[in-house]
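Notes follow the structure.
Protein chains: 2
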Amino acid sequence: MTNIILCGGSGTRLWPISRTLMPKQFVKFFSDRSLFQLTVERNNSLCSNQFIVSNTEQYFLALDQLSELHQTAQKYLLEPMGRNTAPAIALACMELSPEEIVLITPSDHLIKNQSAYNKAVARAKELAEQGYLVTFGITPSFAETGFGYIEADGEEVLNFKEKPDLQTAEEYIKAGNYYWNSGMFCFRAGAFLDELQKYSPKVYEASKAAYENASKDSMIRIKHENMLSIPEDSIDYAVMEKSDKVKVIPSDIGWSDVGSFDALYDELPKDEDGNTQNPHHIAIDSKNNLVYGNEKKIATVDIDDCIIVDTGDALLISKKGSSQKVKKVVEKLKEQNSELHNIHLTGHRPWGTYTVLEDSIGYKIKRIEVKPNKRLSLQKHLHRNEHWIVVSGTATVTVGEKNFTVSPNESTYIKAGELHRLANDGKIPLIIIEAQVGEYTGEDDIIRIEDDFKRD
Amino acid sequence: MTNIILCGGSGTRLWPISRTLMPKQFVKFFSDRSLFQLTVERNNSLCSNQFIVSNTEQYFLALDQLSELHQTAQKYLLEPMGRNTAPAIALACMELSPEEIVLITPSDHLIKNQSAYNKAVARAKELAEQGYLVTFGITPSFAETGFGYIEADGEEVLNFKEKPDLQTAEEYIKAGNYYWNSGMFCFRAGAFLDELQKYSPKVYEASKAAYENASKDSMIRIKHENMLSIPEDSIDYAVMEKSDKVKVIPSDIGWSDVGSFDALYDELPKDEDGNTQNPHHIAIDSKNNLVYGNEKKIATVDIDDCIIVDTGDALLISKKGSSQKVKKVVEKLKEQNSELHNIHLTGHRPWGTYTVLEDSIGYKIKRIEVKPNKRLSLQKHLHRNEHWIVVSGTATVTVGEKNFTVSPNESTYIKAGELHRLANDGKIPLIIIEAQVGEYTGEDDIIRIEDDFKRD
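Protein chains in written order, with this note's numbering: chain A, 299 to 754; chain B, 299 to 754.
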């Protein structure tokens with residue numbers, strides 16, 4: 299069985315932690331594992347292959363986090379933009395044998411009861427082998443109005459229900475045969491594609507054209523114009539709500555979508571006062587708070603039932619129960635033309651990370667960490683000079699025609715306009731402090747001549 | 299008349315803004331003026347001379363802030379440690395002619411009604427000229443339990459009262475002839491010293507010995523062992539509560555001691571939702587909050603009546619009305635052996651400022667700003683190498699026997715053990731980025747050979 303892991307999401311409901319370029323599935327909320335990593339580990343014993351479906355900005359986050367688990371995936375498919383789940387799953391299925399059983403999982407959910415999950419997947423696989431398209435229905439723990447529901451009779455699907463109002467949701471809970479639509483599926487790749495062709499032929503045909511025209515070297519890269527021509531559609535609308543081959547597995551598996559800070563608070567370990575455990579927190583008469591932040595001391599005085607989330611460049615304070623309104627904050631940020639919902643001070647790159655320490659008029663200071671055996675692109679800047687000071691590891695530097703190494707406590711200098719490259723040929727991470735000096739120090743002042751990661 | 303400005307306090311009730319090395323009187327809460335600067339400006343038209351009484355760590359903050367007002371003070375007296383107000387005022391009075399009228403003012407209070415203040419001071423001066431020791435009694439605006447009270451009959455003092463309980467405070471307000479003890483005084487220098495000698499001879503004698511043994515070059519510096527031998531005492535206990543030459547000026551002058559964040563909230567301008575004005579604040583359904591912080595975006599969701607104070611290394615969130623409990627946070631910090639109640643990421647030095655941008659194992663990054671015509675001490679470090687990159691201004695650098703200048707976008711390097719000095723001989727501020735690399739980068743790894751500011 300192949301585990302198709304969908305990890306292209308860009309959730310901002312957990313802003314300021316989750317942002318477009320570091321979405322919630324890659325954030326390490328729980329014991330040093332991201333939701334993506336927990337997803338991979340959860341399915342390791344169930345599936346022999348992993349197939350990562352991602353986008354061009356995030357696939358190297360998936361690569362990095364797999365390598366932390368000492369794993370790689372068998373296949374990668376990169377979408378230049380998201381077109382919802384039906385195209386993403388179709389494109390992945392086209393790469394596989396029609397007979398292959400696939401387990402489709404989002405990468406941003408938490409499942410706490412592994413043995414119940416294993417049983418549910420085993421039953422789903424049996425049904426998939428019989429040709430069914432299987433969805434997983436989560437036993438609801440409360441009258442959630444933010445999810446769609448599946449009305450079922452045993453494993454038979456009676457109806458897919460849109461997000462209900464509170465009264466309807468309460469009736470669903472009372473009735474006992476309504477389940478949360480979890481976004482997990484299991485079927486033969488070919489069975490799904492057949493049903494997609496039958497019920498949503500436009501999605502099928504456009505996906506097929508896009509798949510056939512994709513570049514397929516180490517990973518499958520869908521071309522921009524092909525992706526654009528695929529109609530946006532969810533697998534539920536495109537197939538599951540129409541096909542007569544659908545089954546549902548009622549699943550009581552300790553599932554959470556960690557879709558808000560309130561949901562996150564429920565899942566995090568807490569101290570005797572109900573505050574999430576945080577060594578930086580000084581609580582004076584304060585109870586039942588989510589306190590997230592590891593950069594500074596956070597003192598609360600007579601504060602109860604709040605969400606406090608501190609990051610390097612943004613702070614959120616919300617009353618508990620109101621954390622769905624975080625999306626209003628993100629709307630405001632967009633109005634203000636801020637980039638705070640997209641990027642963090644620390645940016646992840648295929649070669650490592652950079653962190654902006656200071657961004658001021660005329661200069662910008664960064665800490666740059668390059669992973670062993672990685673190098674940045676061969677590049678030049680028109681408006682800035684760069685001073686590099688090595689503080690750990692050894693840098694291999696190319697400037698113009700020259701090649702040399704720079705050791706800890708040594709420095710070098712790159713004049714504006716000079717072609718240069720920074721590489722780590724060593725065995726330990728290379729850490730340098732970069733001081734950019736110039737009239738303009740924006741990230742877009744970069745001309746890439748050659749790049750290991752095929753970026754523009 | 300001479301204005302003796304007491305500015306040695308180290309209040310931490312406004313932590314994390316106010317800390318030992320940047321106490322509240324020097325913080326610019328109001329329209330780019332500190333409480334100290336407002337004090338100086340308030341008395342400029344009333345007094346022909348300023349006399350600053352401070353301590354060795356803070357006097358250059360006073361110097362800096364006076365120079366921002368294009369002023370200097372006529373006299374400075376530096377105490378190596380605080381011994382409360384009686385010795386501080388006595389030492390200053392000993393430097394003046396006995397006939398000189400002095401107006402003693404703390405530097406950490408706000409007075410909003412200048413014309414009422416002017417009248418009160420004018421009347422105090424008349425009484426001082428007649429030989430009285432005058433104190434200012436503030437018309438109370440509510441039943442504050444945190445201040446001492448003065449019971450008066452017109453300008454006659456009937457009694458000094460300790461901090462009352464709430465019921466007693468309410469009775470005082472009802473009675474109408476009780477005033478807050480403001481810590482402001484007016485008298486002839488000699489009249490005060492005579493009364494001090496009469497009622498607190500030990501304080502007087504020890505202060506006299508300390509004054510006579512002080513070094514008196516550009517400023518009066520009391521010696522450590524002399525200061526230590528002066529009994530700690532307040533002017534109220536030592537003189538005012540005992541002398542029969544005391545008068546009080548009932549003063550309705552818009553006074554606030556800005557002694558807590560609740561008091562600060564009352565004084566700051568607010569928007570239509572009752573939130574203090576802050577361009578970094580995104581308020582979603584949030585009202586009546588103090589939001590202080592200028593380094594990052596601060597979003598609040600369904601948060602009312604809170605104090606939110608964000609600084610580079612510490613965040614405080616308190617319910618309004620509870621801000622007196624901030625002292626409990628500071629107690630916790632002391633228990634944790636933290637330095638967060640003493641220092642900020644930005645440290646003020648006689649030559650300028652430094653800001654820690656990153657402090658990590660093996661290296662530390664600082665931005666250093668040197669004022670024109672100032673220089674750091676001639677110094678060396680045993681454990682760290684320093685890389686300096688000039689981003690603005692021109693550095694004059696001494697390394698060993700060599701002297702050279704470093705221009706913007708140039709850098710230089712100081713090896714551990716090398717004697718060096720950084721100076722700004724130019725007309726504009728010098729800004730450098732310093733990357734310290736070494737096994738130990740603590741501030742105390744410094745050997746000063748020569749210092750313009752006579753530091754150890």
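Where a beta carbon is used, it is the ideal one built from N, C-alpha and C, also for glycine.
Because the structure is a prediction, the values reported are computed rather than measured.
- With respect to the 8 Å criterion, Lys543 of chain B and Leu359 of chain B are not classified as neighbours on the basis of their beta carbons.
- Taken in chain order, the members of the segment 656 to 686 of chain A whose beta-carbon sits within less than 7 Å of a beta-carbon on chain B are Glu656, Gly660, Tyr661, Ile663, Arg665, Asn683 and His685.
- Under the Cβ criterion of 8 Å, Lys594 of chain A is counted among the residues facing chain B.
- Runs of the alpha helix (DSSP H) lying entirely within the segment 529 to 565 of chain B and spanning at least 4 residues, in chain order: 559 to 565.
- Note that the segment 532 to 540 of chain B does not touch the segment 414 to 425 of chain B; fewer than 3 beta-carbon pairs, one per stretch, sit closer than 8 Å.
- A Cβ-Cβ distance of about 26 Å is found for the pair Ser616 of chain A and Asp564 of chain B, leaving them out of contact under the 8 Å criterion.
- Under the three-state reduction of DSSP, Thr337 of chain A is assigned to helix.
- As summarised for the segment 589 to 627 of chain B, the continuous beta strand (DSSP E) elements at least 3 residues long and confined to that stretch are 595 to 599, 604 to 608 and 612 to 617, given in chain order.
- For Pro404 of chain A, the enclosing beta strand (DSSP E) begins and ends at Ile399 to Pro404.
- Residues of chain B whose Cβ lies closer than 8 Å to the Cβ of Asp515 of chain A do not exist; the shortest such Cβ separation is about 38 Å.
- Counting along the chain, the unbroken alpha helix (DSSP H) around Glu469 of chain B starts and ends at Leu464 to Ala473.
- At a cut-off of 8 Å between beta carbons, Ala386 of chain B makes no contact with chain A.
- Membership of Ile303 of chain A in the beta strand (DSSP E) is indicated by the continuous run Thr300 to Leu304.
- For Leu638 of chain B, the three-state secondary structure derived from DSSP is coil.
- Assignment of Asp451 of chain B by DSSP, reduced to helix, strand and coil, places it in the strand class.
- Distance from the CA atom of Leu394 of chain A to the CA atom of Leu319 of chain A, rounded to whole angstroms, is 29 Å.
- Here Phe324 of chain B carries a helix assignment [DSSP, helix/strand/coil].
- In the same chain as Lys662 of chain A, and ignoring 5 residues on each side of it, the C-beta atoms closer than 6 Å to its own belong to Gln734 and Thr739, in chain order.
- The Cβ-Cβ distance between Val688 of chain B and Ser705 of chain B falls below 8 Å.
- Taking CB atoms only, Asp608 of chain B has a neighbour in chain A less than 8 Å away.
- By the neighbour-count definition (other C-beta atoms within 10 Å, threshold 16), His579 of chain A is a buried residue.
- Secondary structure of Asn524 of chain B (DSSP, three-state): helix.
- Of all residues in the segment 543 to 572 of chain A, none comes within less than 7 Å of chain B when Cβ atoms are compared.
- Shown here for Glu442 of chain B: same chain residues with a beta carbon closer than 8 Å to its own, the five before and five after excluded, namely Ala467 and Trp478 in chain order.
- With the criterion set as a beta carbon lying under 7 Å from some beta carbon of chain A, the segment 470 to 486 of chain B has no members that meet it.
- Assigned with DSSP and collapsed to three states, Met379 of chain A falls in coil, not helix or strand.
- Per DSSP, the beta-bridge partners of Tyr711 of chain B are B:His685.
- Within 9 Å of the CB of Asp611 of chain A, the CB atoms of chain B belong to Glu593, Lys594 and Lys595, in sequence order along the chain.
- Nearest CB-CB separation between Ala693 of chain A and chain B: not below the 8 Å threshold.
- Close CB contacts of Asp569 of chain B within its chain, under the 6 Å cut and outside five residues either way in sequence, are with Gln575 (chain order).
- When only Cα atoms are considered, Cys345 of chain A and Asn301 of chain A end up about 6 Å apart.
- Between the C-alpha atoms of Thr433 of chain B and Gly306 of chain B there is a straight-line separation of about 20 Å.
- The Cβ atoms of Ile520 of chain A and Ala507 of chain A lie no closer than 8 Å to each other.
- Listed in chain order, the non-local C-beta contacts of Glu530 of chain B below 6 Å within the same chain comprise Arg381 and Asn382, local neighbours out to five positions each way being set aside.
- Less than 8 Å divides the Cβ of Val627 of chain B from the Cβ of Leu614 of chain B.
- For the segment 719 to 731 of chain B, the beta-carbon criterion of a distance under 9 Å to any beta-carbon of chain A is satisfied by Ile729 and Ile731.
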